[in-house]
Every structure is written in C-alpha cells, then in structure tokens.
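Under UniProt numbering, the letters of the sequence shown match residues 1 to 96, in that order.
For reference, the structure is listed below as structure tokens.
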Amino acid sequence: MAEYYKGRKFSSREELGLPPRDPERDAEIAAGWAEFNARREAVPPEKRIHLSSRFGDEDWNDDADWDDSTRYAPPAPPADDSSGQHRIPTDGEQRQ
Numbered sequence: 001m002a003e004y005y006k007g008r009k010f011s012s013r014e015e016l017g018l019p020p021r022d023p024e025r026d027a028e029i030a031a032g033w034a035e036f037n038a039r040r041e042a043v044p045p046e047k048r049i050h051l052s053s054r055f056g057d058e059d060w061n062d063d064a065d066w067d068d069s070t071r072y073a074p075p076a077p078p079a080d081d082s083s084g085q086h087r088i089p090t091d092g093e094q095r096q
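Listed below in structure tokens is the structure:
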C-alpha cells in the first residue's frame with residue numbers, strides 16, 4: 001500500500017505495475033556511485049566543494065550547517081587601487 005510522507009506519495013514498483021528491479025542495472029548504478037566517490041576522495045579535503053545531501057529534497061532548510069549566504073556574493077572591490085585604472089574620471093579630468 002502506498003505511504004504518504006510530507007505530502008508525497010511513495011508506492012512500490014508492484015503497486016505501480018512496473019517490472020521488478022534488474023540486479024544488473026542496480027550493480028551498474030552502484031559501480032557508478034563507487035567511481036564518483038573514489039574520484040571525490042582523491043581530491044584534497046581543502047579543495048573539495050560542498051555537495052548537498054538534499055538532491056531533489058524540498059526540505060533544504062533542514063541542513064543547519066549549510067551556509068548559502070556568501071555563495072552568490074559579488075566580488076569585493078580592490079582594497080587599494082593606486083594605479084587609477086578603475087577610477088572613473090570626473091568632468092574636469094581627461095581620460096587616458
């Protein structure tokens with residue numbers, strides 16, 4: 001029988017009239033994930049990007065440790081630009 005969780009319906013393959021899962025296909029998928037995880041583990045921890053555990057999950061706010069506030073922040077302006085290249089000339093100044 002179908003189960004409901006957070007407004008979504010979960011049914012078995014048999015309930016939906018689908019054929020049983022193919023063990024060969026399951027092994028192929030597991031091998032793909034193993035390859036992905038091996039490639040990810042080969043990257044040094046300080047160079048890894050955060051991979052969210054919420055693929056397709058609408059309850060993304062449940063990740064308390066995830067901070068998305070700086071992800072799309074604009075780049076900071078240069079601290080000291082003494083070259084004058086980024087300065088807009090005023091009316092009395094000539095452009096170079």
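Think of the CB as a built atom: it goes at the ideal place given N, C-alpha and C, for glycine as much as any other residue.
Computed from a predicted structure; not experimentally measured.
Asked	Found
So the alpha helix (DSSP H) Arg-25 belongs to, where does it begin and stop?	23-41
With respect to the beta strand (DSSP E) encompassing Arg-8, which residues constitute its N-terminal and C-terminal limits?	8-10
Taking the CB atoms as reference points, tell me whether Arg-13 and Arg-21 lie closer together than 8 Å.	yes
How many angstroms separate the CA atom of Phe-10 from the CA atom of Gly-17?	14 Å
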